[in-house]
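Residue numbers (the working numbering): 22 to 407. Don't be surprised by glycine CBs; every beta carbon is placed ideally from N, CA and C.
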Amino acid sequence: MARVYSSIACNLDTNSLQASLPLFESEKVQAIEWSFDTLFALGEMPEWFAELLRAYSQEGRLIGHGVFFSLFSGKWTPDQQQWLNQLKAISADFTFDHLTEHFGFMTGEDFHKGAPVSIPFTASTLAIGRDRLLRLQDAGNCPVGLENLAVAYSLDDVKRQGNFLDQLLEPINGFIILDLHNLYCQSQNFAIDITDLQTLYPLDRVREIHISGGSWVPSVVNPTKQIRRDTHDDSVPAAVFHALEQVIGQCPNLKYVVLEQLGTGLTTDASRHLFQEDFYTMDHIVEGANRVDSLLATNAFLPLSPVSIPKTPTENSVLYQQQNELSTILETATDCAQAQLFLSASSLANSDWEIENWKPEMLETAIAIAQKWKDGFVQRPVIKDR
Numbered sequence: 022m023a024r025v026y027s028s029i030a031c032n033l034d035t036n037s038l039q040a041s042l043p044l045f046e047s048e049k050v051q052a053i054e055w056s057f058d059t060l061f062a063l064g065e066m067p068e069w070f071a072e073l074l075r076a077y078s079q080e081g082r083l084i085g086h087g088v089f090f091s092l093f094s095g096k097w098t099p100d101q102q103q104w105l106n107q108l109k110a111i112s113a114d115f116t117f118d119h120l121t122e123h124f125g126f127m128t129g130e131d132f133h134k135g136a137p138v139s140i141p142f143t144a145s146t147l148a149i150g151r152d153r154l155l156r157l158q159d160a161g162n163c164p165v166g167l168e169n170l171a172v173a174y175s176l177d178d179v180k181r182q183g184n185f186l187d188q189l190l191e192p193i194n195g196f197i198i199l200d201l202h203n204l205y206c207q208s209q210n211f212a213i214d215i216t217d218l219q220t221l222y223p224l225d226r227v228r229e230i231h232i233s234g235g236s237w238v239p240s241v242v243n244p245t246k247q248i249r250r251d252t253h254d255d256s257v258p259a260a261v262f263h264a265l266e267q268v269i270g271q272c273p274n275l276k277y278v279v280l281e282q283l284g285t286g287l288t289t290d291a292s293r294h295l296f297q298e299d300f301y302t303m304d305h306i307v308e309g310a311n312r313v314d315s316l317l318a319t320n321a322f323l324p325l326s327p328v329s330i331p332k333t334p335t336e337n338s339v340l341y342q343q344q345n346e347l348s349t350i351l352e353t354a355t356d357c358a359q360a361q362l363f364l365s366a367s368s369l370a371n372s373d374w375e376i377e378n379w380k381p382e383m384l385e386t387a388i389a390i391a392q393k394w395k396d397g398f399v400q401r402p403v404i405k406d407r
């Protein structure tokens, strides 16, 4: 295994920056992950933050994490092209060691609104995903990867995601962000051991690991069930640290382990202290792995042969219509029963979406997520000066 770097998700958020400051001051943060497209809506950043990004960029320790590209949208939109243009411009200012995006498509008619949700695993969605990854790799001119999703509608979705990601990434020799809290959510919500979930992913494709915390939400449709949500607003569960200890030595091309937590969960001194303790626990595991083995990675995750980008982006009008219907249902349904009624009358019925097999409590969760984010990402106030 190559040397692994202890990293944090670092964005323009007052609370998260205050929580991270002692880690920067003690020079413990070896790399930072920046959600660069949250800047697109702001248009500018404080110069001190740009200096921080440049410092890590110059050391080859800046990684970019996208949020809004909507990889699997059935229709290619002007917003996606603009997103790529902005990425290309940012990549000229900051050198990313790699770039990543979320698996899935964004709900909502407005491109910058909604939440990422899963798609059917078909030849058509595979073709669309591969097309978008080619364009993403071309714009960023660096290795490109995808993050596994936490939300799934059925156990079959959970079990198939790793193999589908492998197929998606193969043409560009891309990599996977293995988000261990996302796996933890699935293990809890579908009663499957997290170790068994890890074996369903091609671990030789893992270049980055995410760890984070989340929350428990009672299910209305299944009162005996608590749903684990990937809300990024609490400290890291012990089970996630245990999963990191188990899997870190099985990923020969791993380079970064990233601690994520939203500023909404870092509003008190106590919560910031817990964040710092989580970082030190993560770093201890990482350094333990580094002491065991520190070889060169065998995969640079760049295309193994020249690739050509089709002039016309791949599209599927039926998929696009279904995605619009699903987005509308998720964002407007008053409860799970109404959503099920609307879905059964939609074009998703008896289709590759397999809505007939969706667990009601997971549909309920998707509704809650879509309605939470349907008004878009809200950027918190930032620190103007250090």
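- prompt: Can you name, in chain order, every residue of its own chain whose Cβ lies under 7 Å from the Cβ of N210, other than the five neighbours on each side?
  reply: If we look at N210 and ignore the five residues flanking it on each side, its Cβ neighbours are I248, R249, M383.
Taking contact to mean at least 3 C-beta pairs separated by less than 8 Å, is the segment 348 to 368 in contact with the segment 110 to 118?
These segments do not touch.
**Prompt:** Residue range of the alpha helix (DSSP H) that G183 falls in?
**Reply:** Segment 176 to 190, the alpha helix (DSSP H) holding G183.
Quiz item: Beta carbon of E336, beta carbon of S367: below 8 Å?
Solution: Going by C-beta atoms, E336 is not nearer than 8 Å to S367.
inquiry  = So, with DSSP's three-state summary, where would you put R82?
reply    = For R82, the three-state secondary structure derived from DSSP is coil.
(Q) Could you compute how far the alpha carbon of D58 sits from the alpha carbon of G166? (A) The alpha-carbon atoms of D58 and G166 are separated by roughly 16 Å.
Q) So who's on the other strand from R250, going by DSSP bridges? A) Looking at the DSSP assignment, R250 forms a beta bridge with S236.
Handout entry: For D217, the first and last residue of its enclosing alpha helix (DSSP H)
Key = Start and end: 215 to 219.
query = Can you tell me whether P99 is buried or exposed, with buried defined as 16 or more other CB within 10 angstroms of its CB?
reply = By the neighbour-count rule (16 or more Cβ atoms within 10 Å), P99 is not buried but exposed.
- Quick one: any contact between the segment 168 to 179 and the segment 369 to 381, if contact means 3 or more CB pairs under 8 Å? Yes, they touch.
Of the residues A160, I213, D152, which one's Cα is nearest the Cα of Q107?
-> Q107 has its Cα closest to that of A160, out of A160, I213, D152.
Margin query: Among N169, P327, T319, whose alpha-carbon lies nearest the alpha-carbon of N274?
Written below: By alpha-carbon distance to N274, the top candidate from N169, P327, T319 is T319.
| task | State yes or no: is the C-beta of G183 within less than 8 Å of the C-beta of L157? | result | The answer is no: Cβ separation not under 8 Å.
**Asked** F142 and L92: beta carbons closer than 8 Å?
**Response** Taking a C-beta distance under 8 Å as the contact criterion, F142 and L92 do not qualify as a contact pair.
message = Tell me which residues share the same chain as D356 and place their Cβ nearer than 6 Å to its Cβ, disregarding the 5 neighbours each side in the sequence.
response = Cβ within range, chain order: n/a, list empty.
If you count every other CB in all the chains shown that lies within 10 Å of the CB of D114, and 16 or more means buried, which is it? When all chains shown are included, D114 counts as exposed.
Report task. Just list the alpha helix (DSSP H) runs in the segment 70 to 124, keeping only unbroken ones of 4 residues or longer that don't cross its boundaries, in chain order. Result -> For the segment 70 to 124, whole alpha helix (DSSP H) runs of length 4 or above, ordered along the chain, are 99 to 114.
Exercise. Alpha carbon to alpha carbon, how far is V268 from D373? Give it in angstroms, no decimals.
Key: C-alpha separation (whole angstroms): 32 Å.
key: P137, DSSP secondary structure in three states   = Looking at P137 - three-state DSSP - the assignment turns out to be strand.
Check for me: the beta strand (DSSP E) holding F196 runs from which residue to which?
Counting along the chain, the beta strand (DSSP E) containing F196 begins and ends at 196 to 200.
- Message: Can you look up F132 in the DSSP assignment and give me helix, strand or coil?
- Response: With a pLDDT of only 47 at F132, under 50, the local geometry of the prediction cannot be trusted, and the value read off the model is given with reservation. Here DSSP, grouped into helix, strand and coil, assigns F132 to coil.
**Prompt:** What number of angstroms, rounded off, separates the C-alpha of N169 from the C-alpha of T216?
**Reply:** Rounded to whole angstroms, N169 to T216 spans 15 Å at the Cα level.
(request) Along the alpha helix (DSSP H) that carries E382, what are the first and last residues, could you check? (result) E382 -> alpha helix (DSSP H) spans 381 to 394.
Since I29 is in the beta strand (DSSP E), which residue starts that stretch and which ends it? Counting along the chain, the beta strand (DSSP E) containing I29 begins and ends at 26 to 30.
Inset, instruction - Assign H86 to one of two classes, buried (16 or more other C-beta atoms within 10 Å of its C-beta) or exposed (fewer than that). - result: By the neighbour-count rule (16 or more Cβ atoms within 10 Å), H86 is buried.
>> By the three-class DSSP mapping on this structure, what secondary structure does V227 have?
In response: In the structure shown, V227 falls within a strand segment according to DSSP collapsed to helix, strand and coil.
- Item | Sequence ranges, beta strand (DSSP E) only - wholly within the segment 239 to 324, length at least 3 | If only uninterrupted beta strand (DSSP E) runs of at least 3 residues are considered, those enclosed by the segment 239 to 324 are 247 to 250, 277 to 280.
Does the pairing of the segment 62 to 81 with the segment 300 to 307 give three or more beta-carbon distances under 8 Å?
Because the criterion of three Cβ pairs below 8 Å is not met, the segment 62 to 81 and the segment 300 to 307 do not touch.
Q: Can you have a look at R407 and say buried or exposed, based on whether 16 or more other CB atoms are within 10 angstroms of its CB?
A: Summary for R407: the model assigns pLDDT 27, below 50, so the residue's position carries little reliability, and this model does not support an answer.
### Task
Tell me whether N36 sits in a helix, a strand or coil according to DSSP, three-state version.
Residue state, collapsed to three classes: helix.
Helix, strand or coil: how does DSSP classify I330 here? Note: I330 maps to coil in three-state DSSP.
Where the alpha helix (DSSP H) through L147 begins and ends: Judged by DSSP secondary structure, L147 falls within the alpha helix (DSSP H) whose first and last residues are 144 to 161.
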